[in-house]
Amino acid sequence: MDYENKFVLAPMVRVGTLPFRLLASQYGADITYGEEIIDHKMIKCERRLNEHVGSTDFVEKGTNNVVFRTCSLERKHVVFQMGTSNAARALSAAQLVCQDVAAIDINMGCPKSFSISGGMGAALLNKPDLIHDILTTLRRNLNILITCKIRLLNSPQDTVELARRIESTGVSALGVHGRRVADRPRDPAKWSEIADVVAALTIPVIANGDIFEYDDFQRIKVHTGASSMMVARGALWNASIFSPEGKLPWEDVKREYVRKSILWDNDIKSTKYTLKEMIMHHSCLELPEGKAVIKSESLADLAKLYGEEKYYQFVQENRSFNESR
Ligand SMILES: Cc1cc2nc3c(=O)[nH]c(=O)nc-3n(C[C@H](O)[C@H](O)[C@H](O)COP(=O)(O)O)c2cc1C
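Here full-length UniProt numbering is used: position 205 in the sequence shown is 205, and no number is missing along the way.
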């Protein structure tokens, strides 16, 4: 995998699970990031081949709790994103998963208190020595692409200085979300400050922030000079944003997402969260559809709600058939 002129699905907690990543790929995403997974959680997992679903699962030992699910279809373009504050722990977590993914990315942009209080996400931005330690440890010990994703620092000079330091660790690319840690999602992304980073580095930069239409991929590329472009909310609201033929109606994309969730036996909480985000953006959770999604307790309930009972039945029967052979 390389990072030249790629359309990238951004990491999104509770959204970027296997069915959503495959959905984005189907519509044209070249690289798909998984949701951030914390190293502490990952190192408690064991790798299991799930013949029932046809996936490779990382399951918390002694439980059936799937922390990360992937499959061979996405092996060459899926990025495992990790939250960490410790090089040795990051390495242990990465070693578990590195044969099943195309790259490992370290989240250095999350502003949530959970991340910051654990010294992870955006807390790393003012610890360049620790960043250096984590990235060089991963680079030296793993034969896989290593990247990280940052936010802007308080001045363009500081951002560029940090980006140069990161480049010196030998990472394959740098994702830059064009907002500062204190910025809200509604604040416009500062594409010009991403451009400053692009101008200062030789490694590919992945520009992120405020891509809502297919044409925005080209706009951000021209404005920043970045190698690749990454979209989060624009894809969450309509994953067909990646399609050069134009967006499909969101209802069609939603139905396809439900089908993929059924096929890959996605966690019901993740599926509901993603559907609710789509509905909140395009419609309203107070209407009957939103209320029914909130009430749903299983993928079978969602299949019924969206008229996909036959598909649900077909998937279940196929699994039983394969297992009995
Ligand atoms: C629902 C949601 C979950 C997110 N989870 C993550 C995450 O796990 N890791 C991360 O680095 N960024 C995360 N982000 C930030 C996005 O990856 C992205 O940087 C940000 O939304 C800006 O891109 P956009 O303007 O295209 O939405 C999340 C954003 C959203 C909307």
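Where is the CB? At the ideal position from N, CA and C, for every residue including glycine. Please read all numbers here as calculations on a predicted model, not as lab measurements.
Proximity below 8 Å, CB of residue i to CB of residue j
i	j	result
residue 140	residue 96	no
residue 147	residue 175	yes
residue 14	residue 32	no
residue 194	residue 228	no
residue 76	residue 94	no
residue 250	residue 18	no
residue 130	residue 150	no
residue 10	residue 230	yes
residue 16	residue 34	yes
residue 287	residue 296	no
residue 39	residue 82	yes
Contact test: residue i Cβ vs ligand 1 heavy atom, cutoff 7 Å
i	result
residue 81	yes
residue 13	yes
residue 211	yes
residue 231	yes
residue 36	yes
residue 149	yes
residue 266	no
residue 119	no
residue 109	yes
residue 128	no
residue 40	no
residue 281	no
residue 223	no
residue 90	no
residue 10	yes
Residue i - containing beta strand (DSSP E), residue span
i	result
residue 177	173 to 180
residue 47	45 to 50
residue 25	First-last for residue 25: 18 to 27, but that is the alpha helix (DSSP H), not the beta strand (DSSP E).
residue 104	103 to 108
residue 298	Here residue 298 belongs to no beta strand (DSSP E), and DSSP marks it neither H nor E.
residue 329	As displayed, the chain neither begins before 1 nor continues past 325, which places residue 329 out of reach and without an answer.
Endpoints, alpha helix (DSSP H) assigned at residue i
i	result
residue 84	Premise fails: residue 84 is in no alpha helix (DSSP H) and is neither H nor E.
residue 141	128 to 141
residue 60	Careful: residue 60 lies outside any alpha helix (DSSP H), inside the beta strand (DSSP E) at 55 to 60.
residue 259	250 to 263
residue 41	39 to 42
residue 273	268 to 282
residue 306	Note, residue 306: premise wrong, no alpha helix (DSSP H); not H, not E.
Cβ-heavy atom distance, residue i to ligand 3, below 7 Å
i	result
residue 185	Annotation note on ligand 3: not contained in the displayed structure, which lists ligand 1 as its ligands.
Across the segment 108 to 122 and the segment 68 to 79, are there enough close Cβ pairs to call them in contact, namely three or more that are closer than 8 Å?
Here the segment 108 to 122 does not lie against the segment 68 to 79, with fewer than 3 beta-carbon pairs under 8 Å apart.
Three or more C-beta pairs below 8 Å linking the segment 237 to 247 and the segment 27 to 45
Yes, the segment 237 to 247 touches the segment 27 to 45.
With a cut-off of 8 Å, do at least 3 Cβ pairs link the segment 183 to 190 to the segment 158 to 167?
Between the segment 183 to 190 and the segment 158 to 167 there are fewer than three inter-stretch CB-CB distances shorter than 8 Å, so the stretches are not counted as touching.
So, do the segment 292 to 300 and the segment 261 to 275 have three or more beta carbon pairs nearer to each other than 8 Å?
Yes: the two stretches touch, three or more of their Cβ pairs being nearer than 8 Å.
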